[in-house]
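Student: Residue numbers (our numbering): 1 to 186.
In this text, a Cβ means the ideal position worked out from N, Cα and C, and glycines have one as well.
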Amino acid sequence: MQSVTERIVKGAITVFVKKGLQATTKEVAKEADVAEVTLYRRYSTKENMFITVIKNVLEKKFHSLVLEMAKEENTELFLMKIIEDRLELLSKNKDLVSMLLSETLRGNLTEQINLPEIIFSSLKQGLEHHFKLKNQSVDIEFCARQLGGIFLSYIILPHPKPYYKLTAVEKQNIAKKHAQAVITTL
1 MQSVTERIVK GAITVFVKKG LQATTKEVAK EADVAEVTLY RRYSTKENMF
51 ITVIKNVLEK KFHSLVLEMA KEENTELFLM KIIEDRLELL SKNKDLVSML
101 LSETLRGNLT EQINLPEIIF SSLKQGLEHH FKLKNQSVDI EFCARQLGGI
151 FLSYIILPHP KPYYKLTAVE KQNIAKKHAQ AVITTL
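1. Is the beta carbon of V17 less than 8 Å from the beta carbon of V53?
2. Excluding sequence positions up to five away, which residues of its chain have a Cβ less than 6 Å from the Cβ of L190?
3. Going by beta-carbon coordinates alone, are L123 and L101 separated by less than 8 Å?
4. Measure the C-alpha to C-alpha separation of K30 and F50 and round it to an integer number of angstroms.
5. Using the C-alpha atoms, what's the distance from D33 back to T24?
6. In the DSSP assignment, the alpha helix (DSSP H) including P162 goes from what residue to what residue?
7. Jot down the residue ranges of each uninterrupted alpha helix (DSSP H) in the stretch 37-92, minimum 4 residues, whole runs only, in chain order.
8. Is the beta carbon of N114 less than 8 Å from the beta carbon of T104?
9. Let me know if K60 comes out buried or exposed under the rule of 16 or more other beta-carbons within 10 Å of its beta-carbon.
10. Is the beta carbon of H159 less than 8 Å from the beta carbon of I83?
11. Please report the straight-line C-alpha distance between I156 and S98, rounded to a whole angstrom.
12. Buried or exposed: M1, going by 16 or more other Cβ atoms within 10 Å of its Cβ?
13. The alpha helix (DSSP H) with S122 in it runs from where to where?
14. Determine the closest residue to L89 out of L127, H129 and I119, with distance taken between C-alpha atoms.
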């Protein structure tokens, strides 16, 4: 049996993914099967609940292993690992990512839960670490933006099949093409 907190988090995510910050506490309370006053006692405001719940999800789902991947000596393999990892994660959470991007574009999100910034800063850290280990001078900002564009394209532009549903070979081929394209600009 789920705890009240687990029900609230699950209910809030379900409602916020559908409606973003336009969702009401009444809708969240109904989805979580709790009294609306319970939400106010725990979070005080809808915005605080949104930030707390979304931040929790981002930390769990989008915790980046980029620094660990950065230890890969081969730059193409390093980029392929990043691309495969991020595309897998983003495509599995497309609805959440789309809602967060929408709220970001509206200016409704704080830096704590600004998904593009979270993705971009972790990419830059990983790229800096990788190229520092290789003693190679690279425009990290430009490279991170290229990768960010790849990720964004898989969220916004239509694809016949979500990335996470592709075969391992298809995923690897996509990652390799993108990695090679990024390398040509280094």
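Tutor: Well, looking at it:
1. The answer is no: Cβ separation not under 8 Å.
2. Outside the shown range of the chain (1 to 186) lies residue 190, about which nothing can therefore be said.
3. No. Outside cutoff.
4. Answer to the nearest angstrom: the Cα atoms are 16 Å apart.
5. Each residue's Cα considered, the two are about 14 Å apart.
6. Counting along the chain, no alpha helix (DSSP H) covers P162, and no H or E run does either.
7. With a minimum length of 4 residues, the continuous alpha helix (DSSP H) runs that stay inside the stretch 37-92 are 46-61, 66-69 and 75-92.
8. Yes, the pair counts as a contact, with Cβ atoms nearer than the cut-off.
9. K60 is exposed by the Cβ-count criterion.
10. In this structure, the beta-carbon distance from H159 to I83 does not fall below 8 Å.
11. So the alpha carbons of these two residues sit roughly 8 Å apart.
12. With fewer than 16 Cβ atoms within 10 Å of its Cβ, M1 is classed as exposed.
13. Start and end: L115 to L133.
14. For the residues L127, H129 and I119, the minimum Cα distance to L89 belongs to I119.
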